[in-house]
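Colleague: Sharing a structure below in structure tokens format, with a few things to ask.
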């Protein structure tokens, strides 16, 4: 049977629509943890310096002596020092790991060959996405370049501190304290919503975007979550969470320090808070299964997603 050109076009359109519908459903039903990853590490981890990363059966971390170490992810055994004088920004992309040293030089690591290459100097808050490197200079200007090329493109954006790349969009805090968004292929920039005086305070201190919500902390220490999702109610679009010193969020839980306790709390209030311990905790991080942190004795610790079963990893 020979199909007419019109019939072929109709069938093609139907198949395209079905594929798009399946893709949308797949994205919406994907686990929340999938949304949290940006540039080869969780955006909340990068917010806290990118000191911890789990990948391919290893845990990579930077200790209090600025040594970059990798070990077995299950128990922290068989630890080896990869490089000294390392600062952070740990992330994984393709076959390579990336990090910065204390002089803000960006390096790549091939864990199989143990080969380390210097990629670029004077790089702040780098994010490697595919074959693109996004970074800030010391004055907050944002740039991008292909890892295989020398050409550098100015995004025309001035950021105050850390930024995040998510699906070809950059999220950043401007010098006025508001959080902005812009396409990475366009110039600056527009506010993320129409309620800048209500939803995004001028004094936002540190923030991250996990693909679902923007979580941000104001100078007074209170953490808020925000989304412009039209399907959310006014009560869930913008919520006050906890007053913290430091924090990270995984799925629907916030792990935070408040100056005297280390606490895990259900954002939706469906379970009681878990006081993990008293005392300090630093560089709070997570992966798809666990939370990680350094305690006051510089021990790398791992806890389950419910805040239980603490394991010393170094």
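Residue numbers (the numbering used here): 1459 to 1772. Virtual Cβ for every residue (Gly too), placed ideally from N, Cα, C. The structure displayed is predicted, hence computed values, not measured ones.
Closer than 8 angstroms is the cut-off here; do at least three beta carbon pairs connect the region 1742-1762 with the region 1509-1520?
Modeller: yes
Colleague: Tell me where the alpha helix (DSSP H) around residue 1695 begins and ends.
Modeller: 1692-1695
Colleague: If we count the other Cβ atoms within 10 Å of its Cβ and call it buried at 16 or more, is residue 1560 buried or exposed?
Modeller: Exposed is the call here.
Colleague: Residue 1757: which of 1498, 1501 and 1519 sits nearest, CA to CA?
Modeller: Of 1498, 1501 and 1519, the residue nearest in Cα terms is 1519.
Colleague: Are there three or more Cβ pairs, one per stretch, closer than 8 angstroms when the region 1628-1642 is compared with the region 1587-1603?
Modeller: The region 1628-1642, when compared against the region 1587-1603, does touch it at the 8 angstroms Cβ threshold.
Colleague: Measure the beta-carbon distance from residue 1771 to residue 1517 and round it to whole angstroms, keeping in mind my assumption that it falls under 8 angstroms.
Modeller: 7 angstroms
Colleague: Quick one: grab the DSSP three-state call for residue 1505.
Modeller: Reduced to three states, the DSSP call for residue 1505 is helix.
Colleague: When the Cα of residue 1760 is compared with those of 1514, 1611, 1500 and 1534, which residue comes out closest?
Modeller: 1534
Colleague: Ends of the beta strand (DSSP E) at residue 1612?
Modeller: 1611-1616
Colleague: Does the separation of the CB atoms of residue 1543 and residue 1524 fall below 8 angstroms?
Modeller: yes
Colleague: If you check the beta carbons only, do residue 1719 and residue 1738 fall under 8 angstroms apart?
Modeller: no
Colleague: For residue 1538, count neighbouring C-beta atoms within 10 Å of its own C-beta (all shown protein chains included) and say buried if the count is 16 or more, exposed if not.
Modeller: With fewer than 16 other Cβ atoms within 10 Å, it is exposed.
Colleague: Is DSSP giving residue 1594 helix, strand or coil here?
Modeller: strand
Colleague: Using C-beta distances below 6 angstroms, list every residue in its chain close to residue 1552, excluding the 5 sequence neighbours before and after it, in chain order.
Modeller: none
Colleague: Let me confirm a value: residue 1784 is counted as buried when at least 16 other C-beta atoms fall within 10 Å, else exposed. Which label applies?
Modeller: Residue 1784 cannot be examined here, being either before or after the span of the chain that is shown, 1459 to 1772.
Colleague: Given this structure, state the Cα-to-Cα distance separating residue 1733 from residue 1632, to the nearest angstrom.
Modeller: 35 angstroms
Colleague: For residue 1769, which residues in the same chain have their Cβ closer than 6 angstroms to its Cβ, ignoring the five residues on either side in sequence?
Modeller: So the qualifying residues of the chain are 1760.
Colleague: CA-CA distance, residue 1695 and residue 1704?
Modeller: Rounded to the nearest whole angstrom, the C-alpha separation of residue 1695 and residue 1704 is 22 angstroms.
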